[in-house]
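> The structure under discussion is supplied below as structure tokens; questions concerning it will follow.
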Amino acid sequence: MTARKKIVNSFIFLFLSALAIAFLVPIFVVFLNSFKTKFSIVGSPFELPTQETFVGLENYIYGIKTAGLLKAFGLSLFITVSSVVVIVVCCSMTAWYVTRVKTKGTRILYTLFIFSMIVPFQMVMYTMTYTVFQLHLNNPVGIILVYLGFGSGLSVFMLSGFIKSVPIEVEEAAMIDGCSPLQSFFLVVFPILKPTAITVAILNTMWIWNDFLLPYLVLGADKTMPVAIQLTMQGAYGSINWGGFMAMLVIAIIPIVVFYITCQKHIIKGVVAGAVKG
Amino acid sequence: MQKNIRKYFPVFALPTLIAFVVAFLYPFAMGIYLSFTKFTTVENAKFVGFDNYIQAFSDKDFLNALWFTTKFTVVSVLTINIFAFFLAMLLTKAIKGTNLFRSIFFMPNLIGGIVLGYIWNLLINGVLNKYGVDITFAAKYGFWGLVILMNWQMIGYMMIIYIAGLQNIPTDLNEAASIDGANNFQILRHITIPMVMPSITICMFLTITNSFKLFDQNLALTKGAPGKQTAMVALDIYNNFYGRIGWQGIGQAKAVVFFIIVAVIAFVQLWGTRRKEVEH
């Protein structure tokens, strides 16, 4: 029995190893092609670089010099980080407010937040873009407000779910001791919220970093990474520099892989929590 | 205490509320209104009643997109969940390196739709090139390309949720069953699957909504080609707004229909979960 089990387990191990390699192949192929000449990519992506087709870092240099890669990367980073910070701070305050203050208004607001989670983006795509342009929010700072609006549904929902389980006595004690609501929120409540705040931050980071359509419609000349990638491909199919394009894909993937390796535990926990609650 | 906090409304709730109104609430209400009008810009909207809805449902592209999206959703929901469940079963056995395997299978889920679409565009065209065609040659290539892409992206994510469900099953339950003479298949059918039902519901919901609302991957992989045969509903709506002058109203009407379908899926899901919870 145990001998048989051992054999079965080593077969499973072999199978999983093969599958894991198959899962990594697509990323590896892109990485490999980013070091090949632009003419030897389409049509033969699976060929290893040879002496004639290997170009070193040329594609990356092209991407940075001509395709504005660093600018797009920096812009994506700025928008993602500042939006996530704003979302976490504003939404935890709002979540606390709508959970602790029980009025008709807060109940309606909470229901609207939940409602917004099921509305597909295409429903508000055109009218949201119109509103944003009317209010002159169509710039890298204005888009933070837009992300706060779109991110608030899931974030408030998750955070207030957690706040409901926090004993109200702690806050009352703080207020009796002379804390203002602001002080008791930031000194007492917010530290307790930390695990859920991390989950909310991770879910929003993944969404905003990868988001394409919203920045594409709203930002115009300023391009984030996904927008830059899409626009590179939208041009003429024949004249595109595939080498530079591969370098762009690699640079879009690297931060995600680094982010994943450094906070893998939090990410997996956060994604599961987000799924179960959403 | 409530009164005390209430005075702080402008600090605690107002910023989020303003952003929510600007980005979602007002555009949503305006979207409903505009779906009953004919317009090229918001200023020249003219009320036309249900005209847009009638035109939407007589548009061949929209009907094709609905059918294509439904087909795609059914196939990917089935394949993703079966593979993910199978992997989760294997990874909850005592095997070396399970943590590493889990990490690798989950990773594609973090990569954005546009990047995913172009990675698979490169790979699939690389394979099809040997047969002298490419992904835009026939709709079936685009369809299966999207299914493979979606599987690669979502299997790991669903697998993680199934693993969490499987780990909650008390081991003595399985042991008792095997002592009573149940075989592996019977254990799977009568113990494992009923016990992970909550995970199954979550995964079904996530895969259905994610497949149904797919946009970035569709745009990057085929852009709807050949013709508009592989355009899904989200892409079709987008094309009406930004690619077809005079079709904005119809696009908005399609978006409302799209929203209603997604809302119905969500409510059926919620209702199903609630009902099951009562039964327990």
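Chains A and B are the protein sequences, given in the same order. Be aware that the first sequence starts at 214, since it is given in the numbering used here, and climbs by one per residue. Be aware that the second sequence starts at 16, since it is given in the numbering used here, and climbs by one per residue. We treat Cβ as the ideally placed atom computed from N, Cα and C, and that holds for glycine.
1. Quick check on DSSP: helix, strand or coil for residue 39/B?
2. How far does the alpha helix (DSSP H) with residue 112/B in it reach, from first residue to last?
3. Is the distance from the Cβ of residue 36/B to the Cβ of residue 343/A below 8 Å?
4. Let me know the secondary structure DSSP gives residue 62/B once reduced to three states.
5. Got a sec: which bits of the stretch 465 to 479 of chain A sit with their beta carbon under 9 Å from any beta carbon on chain B, in order along the chain?
6. Give the residues from the stretch 106 to 122 of chain B that approach chain A closer than 9 Å (Cβ to any Cβ), ordered along the chain.
7. Report all residues from its chain with a CB closer than 6 Å to the CB of residue 449/A; omit the five preceding and five following residues, and keep chain order.
8. To the nearest angstrom, how far is it from the Cα of residue 51/B to the Cα of residue 274/B?
9. Closer than 8 Å by beta-carbon distance: list the chain B residues that pair up with residue 443/A, in chain order.
10. Should residue 2/B be flagged as near chain A, meaning a C-beta pair shorter than 8 Å?
11. Would DSSP call residue 403/A helix, strand or coil?
12. Would a C-beta distance cut-off of 8 Å place residue 416/A and residue 359/A closer than the cut-off?
13. On the CB-based measure, 16 or more other CB atoms within 10 Å of its CB, does residue 295/B come out buried or exposed?
14. With three or more C-beta pairs closer than 8 Å as the rule, is the stretch 253 to 270 of chain B touching the stretch 170 to 188 of chain B?
15. Hey, is the stretch 206 to 214 of chain B in contact with the stretch 41 to 50 of chain B, meaning 3+ C-beta pairs nearer than 8 Å?
16. Name the two residues that bound the continuous alpha helix (DSSP H) containing residue 51/B.
17. Output, in chain order, the set of chain A residues within a Cβ distance shorter than 7 Å of residue 303/B.
18. Taking the C-alpha atoms as reference points, what is the distance between residue 439/A and residue 424/A?
19. Quick one, which of 24/B, 277/B, 278/B, 239/B has its alpha-carbon nearest residue 313/A's?
20. I'd like to confirm the pairing. Which residues does DSSP put opposite residue 249/A in its beta bridges?
21. For residue 217/B, decide whether its Cβ has a neighbour in chain A, counting only Cβ atoms nearer than 8 Å.
22. Taking the alpha-carbon positions, what's the residue 230/B to residue 185/B distance?
23. Taking C-alpha atoms, which residue in 384/A, 488/A, 339/A lies nearest to residue 269/B?
24. Ordered along the chain, which non-local residues of its own chain (more than five positions away) have a Cβ less than 7 Å from that of residue 418/A?
25. Flag residue 288/B as yes if its beta-carbon sits less than 8 Å from any beta-carbon of chain A, otherwise no.
26. May I ask which residues mark the beginning and end of the alpha helix (DSSP H) holding residue 323/A?
27. Applying the 10 Å Cβ sphere with the 16-neighbour rule, what's the burial state of residue 59/B?
28. Pick out whichever of 91/B, 111/B, 120/B has its Cα sitting closest to the Cα of residue 473/A.
29. Counting only beta-carbon separations shorter than 8 Å, does residue 396/A have a partner in chain B?
30. Compare the C-beta of residue 239/A against all C-beta atoms of chain B and say whether one is closer than 8 Å.
31. Can you list, in chain order, the residues of its chain whose CB lies under 6 Å from that of residue 330/A, leaving out five sequence neighbours each side?
32. So is residue 449/A in contact with chain B if we call contact Cβ pairs under 8 Å?
33. Taking only three categories from DSSP, how would you classify residue 253/B?
34. Taking Cβ positions only, does residue 228/B come closer than 8 Å to chain A?
35. What are the boundary residues of the alpha helix (DSSP H) that includes residue 257/A?
36. Of all the CB atoms in chain A, is at least one closer than 8 Å to the CB of residue 41/B?
On the basis of the supplied data:
1. Position 24 of the second sequence, counted from the first residue, corresponds to residue 39/B. Assignment of residue 39/B by DSSP, reduced to helix, strand and coil, places it in the helix class.
2. Within the second sequence, residue 112/B is the residue found at index 97, counting from 1. Per DSSP, residue 112/B belongs to no alpha helix (DSSP H) and is neither H nor E.
3. Here residue 36/B is taken as the residue at index 21 of the second sequence, counted from 1. Here residue 343/A is taken as the residue at index 130 of the first sequence, counted from 1. Going by C-beta atoms, residue 36/B is not nearer than 8 Å to residue 343/A.
4. Start at 1 with the first residue of the second sequence, and residue 62/B comes out as number 47. Note: residue 62/B maps to strand in three-state DSSP.
5. Residues 465, 466, 469, 470, 472, 473, 474, 477.
6. The stretch 106 to 122 of chain B vs chain A, Cβ under 9 Å: 106, 108, 109, 110, 111, 112, 113, 115, 116, 117, 118, 119, 120, 121, 122.
7. Here residue 449/A refers to the residue found at position 236 of the first sequence. Only weak support exists for where residue 449/A lies, its pLDDT of 45 falling under 50; the coordinates are left without a value.
8. The residue given as residue 51/B occupies position 36 in the second sequence. The residue given as residue 274/B occupies position 259 in the second sequence. Taking the straight line from one Cα to the other gives about 15 Å.
9. Locating residue 443/A in the first sequence gives position 230, where the first residue counts as 1. What residue 443/A touches in chain B: 129, 234, 235.
10. The requested residue 2/B is not part of the displayed model; chain B covers only 16 to 295.
11. If you number the first sequence from 1, residue 403/A lands on position 190. Residue 403/A falls in the helix class under three-state DSSP.
12. Along the first sequence, one-based indexing puts residue 416/A at 203. Along the first sequence, one-based indexing puts residue 359/A at 146. In this structure, the beta-carbon distance from residue 416/A to residue 359/A does not fall below 8 Å.
13. Taking the first residue of the second sequence as position 1, residue 295/B is located at position 280. Note on residue 295/B: pLDDT 47, under 50, position unreliable in the model; the coordinate value appears next. Classification of residue 295/B: exposed, given that the 10 Å Cβ count is below 16.
14. Result no; under three Cβ-Cβ pairs closer than 8 Å.
15. The stretch 206 to 214 of chain B makes no contact with the stretch 41 to 50 of chain B, as fewer than three CB pairs between them are under 8 Å.
16. In the second sequence, residue 51/B corresponds to position 36, counting from 1. Annotation: residue 51/B is outside any alpha helix (DSSP H) and is labelled neither H nor E by DSSP.
17. Nothing about residue 303/B can be reported from this structure: the residues present for chain B run from 16 to 295 only.
18. Counted from its first residue, the first sequence places residue 439/A at position 226. Counted from its first residue, the first sequence places residue 424/A at position 211. So the two alpha carbons sit approximately 7 Å from each other.
19. Start at 1 with the first residue of the first sequence, and residue 313/A comes out as number 100. Among 24/B, 277/B, 278/B, 239/B, the Cα nearest to that of residue 313/A is on 24/B.
20. Here residue 249/A corresponds to residue number 36 of the first sequence, with the count starting at 1. In the DSSP output, where bridge partners are listed per residue, residue 249/A has 267/A.
21. If you number the second sequence from 1, residue 217/B lands on position 202. Yes, residue 217/B counts as interfacial toward chain A.
22. In the second sequence, the residue the question calls residue 230/B occupies position 215. In the second sequence, the residue the question calls residue 185/B occupies position 170. If you take the alpha carbons of residue 230/B and residue 185/B, they lie about 41 Å apart.
23. As a working note, residue 269/B is residue 254 in the second sequence. Closest option to residue 269/B, Cα to Cα, is 339/A.
24. Reading the first sequence from its first residue, position 205 is the one you call residue 418/A. If we look at residue 418/A and ignore the five residues flanking it on each side, its Cβ neighbours are 293, 297.
25. Residue 288/B sits at position 273 when you count from the first residue of the second sequence. No - not a single Cβ of chain A is within 8 Å of the one on residue 288/B.
26. Taking the first sequence and counting its residues from 1, one reaches residue 323/A at position 110. Judged by DSSP secondary structure, residue 323/A falls within the alpha helix (DSSP H) whose first and last residues are 317 to 330.
27. Position 44 of the second sequence holds residue 59/B. Classification of residue 59/B: exposed, given that the 10 Å Cβ count is below 16.
28. To locate residue 473/A, count along the first sequence from 1; it is residue 260. Measuring from the Cα of residue 473/A, the nearest candidate turns out to be 120/B.
29. One-based indexing of the first sequence puts residue 396/A at position 183. No, residue 396/A lies away from the interface with chain B (no Cβ there is under 8 Å from its Cβ).
30. Walking along the first sequence from the start, residue 239/A turns up at place 26. True, the Cβ-Cβ gap to chain B drops below 8 Å.
31. In the first sequence, counting from the first residue as 1, residue 330/A sits at position 117. The answer, listed in chain order, is 366, 367.
32. As a first step, residue 449/A must be located in the first sequence, where it is residue number 236. Note that residue 449/A scores a pLDDT of 45, beneath 50, so its modelled location is shaky; the value from the coordinates is reported in the next line. Not flagged as an interface residue toward chain B: residue 449/A, since no C-beta distance is shorter than 8 Å.
33. Start at 1 with the first residue of the second sequence, and residue 253/B comes out as number 238. In this structure, residue 253/B counts as helix in the three-state DSSP scheme.
34. Working through the second sequence from its first residue, we reach residue 228/B at position 213. Chain A contact via Cβ: present.
35. Along the first sequence, one-based indexing puts residue 257/A at 44. It is not in any alpha helix (DSSP H) - residue 257/A carries neither H nor E in the DSSP assignment.
36. Residue mapping note: residue 41/B aligns to position 26 of the second sequence, counting from 1. At a cut-off of 8 Å between beta-carbon atoms, residue 41/B makes contact with chain A.
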